[in-house]
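Please read the structure below before turning to the comments.
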Amino acid sequence: MRYGVLGPLAVWDAEGRPVKVPEAKVRALLANLLIHGGGPVPADRLIEDLWAGSPPGGSVNTLQTKISQLRRVLGREQVVREPAGYRLLLADDGVDALRFQELAERARAHEEPAVRGRLFADALALWRGPAYADVAESLFARSEIARLEELRLTVVEDQAEVRLTLGEHTALAAELGELVARHPLRERLRTAHMRALYRAGRQGDALQSFHELRRQLAEELGVSPGPGISALHEAILRQEPQLATPAVGSLSCRTNLPTPLTPLIGRRKAVDQVRARLSSDADTRLVTLTGLGGVGKTRLAIAAARDMTERFADGVWWVELAGLGAASTPDDIAERVITTLGLCDTAATEPDLDDLVGWLCQAVADKHLLILLDNCEHLVEPVAVLAGAVLSAVPAGHLLVTSQEVLDIPGEVVHPVPPLALPEHTDPDAVARSSAVELFVERAAAAAPGFVLDADNAAAVSAICRRLDGIPLALELVASRLRTLSPDELAACLSDRFAPPEVRVRGLPVRQQTLRGMLDWSWQLLTADERTVLRRLAVHADGCTLPSAEAVCADRDLDAERVPDLLSRLVDRSLVVREANRFRLLESVAAYCAERLAEAGEEAAVRARFVRCYTELAEREGERLRGPDQRRCLERLDAETVNLRRALDLAVAEDAAGHAVRLVNALTWYWFLRGRLTEARRSLQTALAAAGETDPAACLTARAWLAGIELRTSSAGATPVPADEDPTAGVDDPVLRARLQWFVGTGLTGHGHHREGRQLLEASLAGARTARDRWGEAAALVELARHVPAQGESHAELGAALFHEVGDPWGRLRANRSLALVAERDGDRARAERLHREGLPMAEELGLWTEVVEALTWLGRTALADGHARRATELYERALSVSAERAYSRGEIRAEIGLGLAARLRGDREAAKRHLNRALAKSRSPGHDAGAAAAPAEPDLVPRA
Numbered sequence: 008m009r010y011g012v013l014g015p016l017a018v019w020d021a022e023g024r025p026v027k028v029p030e031a032k033v034r035a036l037l038a039n040l041l042i043h044g045g046g047p048v049p050a051d052r053l054i055e056d057l058w059a060g061s062p063p064g065g066s067v068n069t070l071q072t073k074i075s076q077l078r079r080v081l082g083r084e085q086v087v088r089e090p091a092g093y094r095l096l097l098a099d100d101g102v103d104a105l106r107f108q109e110l111a112e113r114a115r116a117h118e119e120p121a122v123r124g125r126l127f128a129d130a131l132a133l134w135r136g137p138a139y140a141d142v143a144e145s146l147f148a149r150s151e152i153a154r155l156e157e158l159r160l161t162v163v164e165d166q167a168e169v170r171l172t173l174g175e176h177t178a179l180a181a182e183l184g185e186l187v188a189r190h191p192l193r194e195r196l197r198t199a200h201m202r203a204l205y206r207a208g209r210q211g212d213a214l215q216s217f218h219e220l221r222r223q224l225a226e227e228l229g230v231s232p233g234p235g236i237s238a239l240h241e242a243i244l245r246q247e248p249q250l251a252t253p254a255v256g257s258l259s260c261r262t263n264l265p266t267p268l269t270p271l272i273g274r275r276k277a278v279d280q281v282r283a284r285l286s287s288d289a290d291t292r293l294v295t296l297t298g299l300g301g302v303g304k305t306r307l308a309i310a311a312a313r314d315m316t317e318r319f320a321d322g323v324w325w326v327e328l329a330g331l332g333a334a335s336t337p338d339d340i341a342e343r344v345i346t347t348l349g350l351c352d353t354a355a356t357e358p359d360l361d362d363l364v365g366w367l368c369q370a371v372a373d374k375h376l377l378i379l380l381d382n383c384e385h386l387v388e389p390v391a392v393l394a395g396a397v398l399s400a401v402p403a404g405h406l407l408v409t410s411q412e413v414l415d416i417p418g419e420v421v422h423p424v425p426p427l428a429l430p431e432h433t434d435p436d437a438v439a440r441s442s443a444v445e446l447f448v449e450r451a452a453a454a455a456p457g458f459v460l461d462a463d464n465a466a467a468v469s470a471i472c473r474r475l476d477g478i479p480l481a482l483e484l485v486a487s488r489l490r491t492l493s494p495d496e497l498a499a500c501l502s503d504r505f506a507p508p509e510v511r512v513r514g515l516p517v518r519q520q521t522l523r524g525m526l527d528w529s530w531q532l533l534t535a536d537e538r539t540v541l542r543r544l545a546v547h548a549d550g551c552t553l554p555s556a557e558a559v560c561a562d563r564d565l566d567a568e569r570v571p572d573l574l575s576r577l578v579d580r581s582l583v584v585r586e587a588n589r590f591r592l593l594e595s596v597a598a599y600c601a602e603r604l605a606e607a608g609e610e611a612a613v614r615a616r617f618v619r620c621y622t623e624l625a626e627r628e629g630e631r632l633r634g635p636d637q638r639r640c641l642e643r644l645d646a647e648t649v650n651l652r653r654a655l656d657l658a659v660a661e662d663a664a665g666h667a668v669r670l671v672n673a674l675t676w677y678w679f680l681r682g683r684l685t686e687a688r689r690s691l692q693t694a695l696a697a698a699g700e701t702d703p704a705a706c707l708t709a710r711a712w713l714a715g716i717e718l719r720t721s722s723a724g725a726t727p728v729p730a731d732e733d734p735t736a737g738v739d740d741p742v743l744r745a746r747l748q749w750f751v752g753t754g755l756t757g758h759g760h761h762r763e764g765r766q767l768l769e770a771s772l773a774g775a776r777t778a779r780d781r782w783g784e785a786a787a788l789v790e791l792a793r794h795v796p797a798q799g800e801s802h803a804e805l806g807a808a809l810f811h812e813v814g815d816p817w818g819r820l821r822a823n824r825s826l827a828l829v830a831e832r833d834g835d836r837a838r839a840e841r842l843h844r845e846g847l848p849m850a851e852e853l854g855l856w857t858e859v860v861e862a863l864t865w866l867g868r869t870a871l872a873d874g875h876a877r878r879a880t881e882l883y884e885r886a887l888s889v890s891a892e893r894a895y896s897r898g899e900i901r902a903e904i905g906l907g908l909a910a911r912l913r914g915d916r917e918a919a920k921r922h923l924n925r926a927l928a929k930s931r932s933p934g935h936d937a938g939a940a941a942a943p944a945e946p947d948l949v950p951r952a
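If you read the sequence shown in this note's numbering, its first letter stands for residue 8, the second for the next number, and so on.
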């Protein structure tokens, strides 16, 4: 069970389904037990708290009745009676308040501002309203509510300071005003707001905020503002340079490199060599790390790349390719890179998306970046094609590749990764200097606390490392055996194990045979059920959560309830790695287990369960993507992207077209929200072309989704869907059909077929109202507001209210933008500006970067029209930064034009000419050319003081 206390009391089961807790007293009982954090609460204390000092007659029996009611809802085993009282069984992350605190602590411990900002945002997103809202008036809850509210405000302040370092002052200036009004005496909060106001060009508002604080402190407490905020006030008066917006060029926010769980040992020299070869002033732009499985190529590559984040202005990006099938094409790999870099693969950027390698090269042609392509040995040919294209088309692009086989293309520099250094002598000092021994001792101490290298065990440790040839993975696997064996006993076991020639595997290099032998030995030490779970885990391409492991690994012979314990034992044996809430197999272990899965004759059955598990997961999360859980569902689907892709590939390969079509139908809205339209189109086409039995209704749905996607990814002259046809015809589900009509209708209007698109939108509105689908009604209303001027405001207002009611953040953003357009059409620029500002943080939070750019450029135009050159420059620079990061060329052109006009407004003709020439150079389509060329002809603008 998971519990939510950051808002109205909520309970969810293991599958994330809400569990209703009836009756106020039972909810109060649950809240009381949660406040005590799983600790025992005496019965008399519960009676006192629940009935506020006025217990009913027979209060003990009444309490037991409430306990029984709670047990019926949660499960009898969840509420435990002990001598000290009643307590609630809680998992480590079973309460959202604990998760909130854990995320906040992780954020404060991280060095990277962008990562800190995301973690703080994740923490605050857990709040659904005031803490313990159901029992806010109860005395027993007040101190905990106050504590949590103070923690929340502290995190808001932490996040505000981080966002200031990332240049997000414009959004902060708008967002913090209401919060400062509710908490006027919090100086740290007001300090952040003042800085944001100043950097947003609102110096007068920043000074006024300080004067308001000084007045309230004097009237209410008789004190003066503290030294920190007073110093900021003085700095604002003097307009000191250090108050200016910091440069957001730090690579901290331009990388996705994973944080290692353990330190890298014995590779410092290798890290320096790789860095030197890839340094920005070196001629080498492709380095391939080669070596046998388990030798540590990935760890070395990530460590080297992490040390180079400051050298590459456009980022250092890790692209994991282990999950792609051996039949993958260069376009499949390019699609993975595009997704990793977060590029905007929409028709607004390029009209032709069939050549994804070419599109990727064009999108990053002028970028200075490093891409790490990891685990390429099964994809050597397509990776070589992609690498060759990138090296030819991207002069400042660098590639770091890990593979057991070289790419063998011009410009490649091969860097072999050997095993760790072995001890040359047996005396303790010499043994300790060996990197292989250092790694073994570090892992052994983690597995068996108290273990140290000393004179008594140095010889045995040296023998262990030599027997395992210094292969890091083999050393890590065997280190856990020191829980039950002494070093001498372990060395003897290895001597017996690896001495006979029959353990060697013909055709493998000697060191690869050593790793194979180590895996064989580890395998044989497992119980039959442990082996079953381990080999079945290999079907996952990118790790899995516990529920997924249970669904895939369990069958008639292995109960799902036994899987958690078996997983725990495999983690203890270092065969499975746990990272947060995910379980992973290291690449060599995964390859070995895949062989064992095939030997057991279980491949087909396990793959079928895997496909079924992830199809059901996609359908379950897809249902929640249109409500208040949208952000969490997006993050869950983000985390499972590789597994979901593998599920589709397996469904197609196994002729399971029914599951393939179900999967893409469930994922298309997710792909749309994430802007991954190319992936949606390719996946829908693949599923519809798959062999096997399918549901005709599901195929109709997939074709309708595909029609809407193709309208959004085709060039203006193409006609992917006949304008007079309704691709949704034949879809029986009225809710689904109305939503598909909206999706295709908006695609038609965006493609210039306004009459046909409006007809579908009107049909969508009628269908949604008949089916009582509030989301569908809201979507249709918000879209029609743009096309029916006479009813624009009423449609937009009602649509916004409905989206707010269903709690869909994307819908609220869509409605907000529609209201802004209506306001602009009606000449109410002040309201339009306010709405665009309100929509900006919503778009940023959802990662809808084209929406972010559109809002920023609109606000920039407004600032220009009002004569505020500085504010316009700031907004257009931010739009240019986001557009460049996401390869959104239309946004780059608009931002450059805006910066040119702002420079002209300042009287800087040279800067204006420079920006406008850049806009002309970046223009590709005739429409863009016209827009860029028209800019110099605009009338002179008059700056305002």
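Using N, Cα and C, we set each Cβ at its ideal position, and we do this for glycine too. Computed from a predicted model, the values in this text were never measured in an experiment.
For this session: Specify, as a first and last residue, the run of the beta strand (DSSP E) that residue 19 falls within.
Result: For residue 19, the enclosing beta strand (DSSP E) covers residues 17-19.
For this session: Look at the alpha carbon of residue 241 and the alpha carbon of residue 172, and state the distance between them as a whole number of angstroms.
Result: 20 Å
Exercise. Is it true that the region 389-406 meets the region 337-350, where meeting means three or more beta-carbon pairs spaced less than 8 Å apart?
Worked result: yes
Exercise. Taking only runs of the alpha helix (DSSP H) that begin and end inside the region 539-569, which ones reach a length of at least 4 residues, in chain order?
Worked result: 553-560
Exercise. Apart from the five residues on each side of it in sequence, which residues of its chain come closer than 6 Å, Cβ to Cβ, to residue 756?
Worked result: 764
For this session: Classify residue 244 as buried or exposed, calling it buried when 16 or more other Cβ atoms lie within 10 Å of its own Cβ.
Result: exposed
For this session: Less than 8 Å between the CB atoms is what I'm expecting for residue 853 and residue 820, so what's the real figure, rounded?
Result: 7 Å
Exercise. DSSP on residue 217, reduced to helix/strand/coil?
Worked result: helix
Exercise. Got a sec, what are the start and stop residues for the alpha helix (DSSP H) residue 622 sits in?
Worked result: 610-630
Exercise. So what does DSSP say about residue 417, is it helix, strand or coil?
Worked result: coil
Exercise. With respect to the beta strand (DSSP E) encompassing residue 861, which residues constitute its N-terminal and C-terminal limits?
Worked result: No beta strand (DSSP E) holds residue 861; the alpha helix (DSSP H) holding it covers 856-872.
For this session: May I ask you to verify whether the region 307-315 touches the region 273-286, counting CB pairs closer than 8 Å and requiring at least 3?
Result: yes
Exercise. So, is residue 4 buried or exposed, given that buried needs 16 or more other C-beta atoms within 10 angstroms?
Worked result: Residue coverage of the chain in this structure runs from 8 to 952, which leaves residue 4 outside it and unanswerable.
Problem set entry | Contacting residues, own chain, Cβ-Cβ under 8 Å from residue 581 (five flanking each side not counted) | The residues are 450, 454, 483, 484, 486, 487.
For this session: Answer yes or no: the CB of residue 844 versus the heavy atoms of the ligand MG, is any distance below 7 Å?
Result: Of ligands this structure carries none, so the ligand MG is not represented either.
Exercise. What is the DSSP secondary structure of residue 410, reduced to helix, strand or coil?
Worked result: strand
Problem set entry | Nearest residue (CA-CA) to residue 480, options 595, 366, 416, 539 | 595
For this session: Return yes when the Cβ of residue 228 is within less than 8 Å of the Cβ of residue 200, no when it is not.
Result: The answer is no: Cβ separation not under 8 Å.
Exercise. Considering only residues of the same chain and omitting the five flanking positions on each side of residue 870, which have a CB-CB separation below 7 Å?
Worked result: 878, 879, 882
For this session: Using 10 angstroms around the beta-carbon of residue 270, count the other beta-carbons present and answer buried if the total reaches 16, otherwise exposed.
Result: exposed
Exercise. According to DSSP, is residue 378 helix, strand or coil?
Worked result: strand
Problem set entry | Limits of the unbroken alpha helix (DSSP H) element including residue 774 | First-last of the alpha helix (DSSP H) with residue 774: 761-778.
Exercise. Closest Cβ-Cβ distance between residue 905 and chain C: below 8 Å?
Worked result: The structure shown contains no chain C; it holds only a single protein chain.
Exercise. Is residue 949 buried or exposed, if buried means 16 or more other CB atoms sit within 10 Å of its CB?
Worked result: Summary for residue 949: the model assigns pLDDT 44, below 50, so the residue's position carries little reliability; its value from the coordinates is reported in the next sentence. Answer is exposed; the Cβ neighbour count stays below 16.
Exercise. Does the beta-carbon of residue 73 have 16 or more other beta-carbons within 10 angstroms, so that it is buried, or is it exposed?
Worked result: Buried: at least 16 other Cβ atoms inside 10 Å.
Exercise. Start and end of the alpha helix (DSSP H) containing residue 820?
Worked result: Taken as a continuous stretch (DSSP letters only), the alpha helix (DSSP H) holding residue 820 covers 816-832.
For this session: For the alpha helix (DSSP H) containing residue 67, list its first residue and its last residue.
Result: 66-81
For this session: State the Cα-Cα distance for the pair residue 901 and residue 717, rounded to the nearest angstrom.
Result: 25 Å
Exercise. Given that a residue counts as buried once 16 or more other Cβ atoms are within 10 Å of its Cβ, and exposed if not, what is residue 67?
Worked result: exposed
Exercise. Skipping 5 residues on each side, what residues in its chain have a beta carbon closer than 8 Å to that of residue 492?
Worked result: Cβ neighbours of residue 492 beyond the five flanking positions: 500.
Exercise. Is DSSP giving residue 319 helix, strand or coil here?
Worked result: coil
Problem set entry | Straight-line gap, residue 834 to residue 868 (C-alpha atoms, nearest Å) | 15 Å
Problem set entry | Assumed close pair residue 709, residue 671 - CB separation to whole angstroms, cut-off 8 Å | 6 Å
Exercise. Taking one C-beta from the region 617-624 and one from the region 663-683 each time, how about it: are there three or more such pairs within less than 8 Å?
Worked result: yes
Exercise. Helix or strand or just coil, what does DSSP make of residue 953?
Worked result: What the structure shows of the chain is the stretch from 8 to 952, and residue 953 is not part of that stretch, so it cannot be assessed.
Problem set entry | N- and C-terminal bounds of the alpha helix (DSSP H) containing residue 677 | 664-680
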